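Worksheet for the structure shown next.
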Amino acid sequence: MSPPAKLRIGDWQVDPAASQISREGEVVRLEARTLRLLLDLAEHAGQVVSIDDLLDRVWAGVIVTPDSVYQAVAALRRLLGDDPRRPRYIATVPRLGYRMVASVEPWTDQPAHARSGRRIGERAAWTAAGLGVLALLAAVVAHDRSQRGPAAGVTPAQPIAVGVLPVFDLTPRMDHELLADDVTERLIDQLSRDPRLRTPGFRASFQLKGKHLKAVEAARQLGVAYVLEGAVHVAPIGYRVSARLVRGDTGFVIWAQAYERPPSEMPSLEAAIAADVAKALATARTAG
Numbered sequence: 138m139s140p141p142a143k144l145r146i147g148d149w150q151v152d153p154a155a156s157q158i159s160r161e162g163e164v165v166r167l168e169a170r171t172l173r174l175l176l177d178l179a180e181h182a183g184q185v186v187s188i189d190d191l192l193d194r195v196w197a198g199v200i201v202t203p204d205s206v207y208q209a210v211a212a213l214r215r216l217l218g219d220d221p222r223r224p225r226y227i228a229t230v231p232r233l234g235y236r237m238v239a240s241v242e243p244w245t246d247q248p249a250h251a252r253s254g255r256r257i258g259e260r261a262a263w264t265a266a267g268l269g270v271l272a273l274l275a276a277v278v279a280h281d282r283s284q285r286g287p288a289a290g291v292t293p294a295q296p297i298a299v300g301v302l303p304v305f306d307l308t309p310r311m312d313h314e315l316l317a318d319d320v321t322e323r324l325i326d327q328l329s330r331d332p333r334l335r336t337p338g339f340r341a342s343f344q345l346k347g348k349h350l351k352a353v354e355a356a357r358q359l360g361v362a363y364v365l366e367g368a369v370h371v372a373p374i375g376y377r378v379s380a381r382l383v384r385g386d387t388g389f390v391i392w393a394q395a396y397e398r399p400p401s402e403m404p405s406l407e408a409a410i411a412a413d414v415a416k417a418l419a420t421a422r423t424a425g
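Printed below as a string of structure tokens:
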């Protein structure tokens, strides 16, 4: 039997036979299950792959819960250097599953940009002309707006800066750290989609992991007015995630809520938390 063919997934070369991925001299070894997960998502690139499908194919013959999928996807994202807020490889589709959004093609020694160089050259002149027109239009629009100024009596509200602290794993055996990290990443992703909010990226948040800072100090380091704290617990139906919104200047809690979800509904939990956080922040701003 011939060895599995190498693939190019985004910027990474995937060598299934060697159980490794590589990029610009960087080589990362993958565990067998992680490799199968990556290959399964790549095989269905552009399609939504459900949690149940992943359990059936990647964990075939093994009895595990959806939590194993959440943790494995979170770990794979970190190995790929993917940002859940702006995914270049694996996107979360709330309530449905995951989708490989990176390009997937057979690996050749010639880089993809070199193979497409001729086509790019043929389009370069048209692209340059188009960009010139767009730049001119943008300059005209900007000048027109500067001349008109803001509408009388209207002061645009500034986005509220809120940071997400790494979610704690408070399960009995404290063996759900990857799930807690995944919840943190998805919370940041959800909050960043709200134009009323300004949220530091997950790399900034994870720099605080393990430091056990007080809310005031964490807010100062993140440069935000509020911080969102959270923890994952075990609940009779699956998991309970507790969340608290804390003022960065006083350390006072202005909102708190606990959410219980079965494992199958965990991917959609962060959208509910983010919506409630936005409401609490709007109320705090109104109250002055």
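Residue numbers 138 to 425, in the working numbering, belong to the letters of the sequence shown in order. Beta carbons: idealized from backbone N, C-alpha and C, even for Gly. In this text the structure is predicted, and so the values were computed from the model without any measurement.
Range covered by the beta strand (DSSP E) that runs through Asp152 | Trp149 to Asp152
What are the start and end residues of the alpha helix (DSSP H) that includes Ser205?
-> Note, Ser205: alpha helix (DSSP H), Pro203 to Leu217.
Determine the direct distance from the alpha carbon of Ile391 to that of Gln208, and round the result to whole angstroms.
-> 31 Å
Following the continuous alpha helix (DSSP H) through Gln327, name the residue where it begins and the one where it ends.
-> Glu314 to Ser329
Secondary structure at Ala228, three-state DSSP: helix, strand or coil?
-> Here Ala228 carries a strand assignment [DSSP, helix/strand/coil].
Run through DSSP, which three-state label would Phe389 get?
-> coil
Would you mind reading off the limits of the beta strand (DSSP E) that contains Glu354?
-> That residue, Glu354, is in no beta strand (DSSP E); its alpha helix (DSSP H) goes Ala352 to Leu359.
Where Arg340 falls: helix, strand or coil (DSSP) = Correct three-state label for Arg340: helix.
How about the segment 380-390 and the segment 404-420: do they share at least three Cβ pairs that are nearer than 8 Å?
-> The answer is yes - the segment 404-420 touches the segment 380-390, with three or more Cβ pairs under 8 Å.
Take Val165 and list the residues in its own chain whose beta-carbon comes closer than 6 Å to its own, dropping the five residues that flank it on each side.
-> Ile158 and Leu216
Compute the Euclidean distance between the alpha carbons of Asp190 and Gln344, then round it to the nearest angstrom.
-> Inter-residue distance for Asp190 and Gln344 is about 34 Å (C-alpha atoms, whole angstroms).
In DSSP terms, what Arg145 is bridged to = Gln150 and Glu242
Any chance the segment 174-184 sits against the segment 234-246, with 3 or more Cβ pairs inside 8 Å?
-> yes
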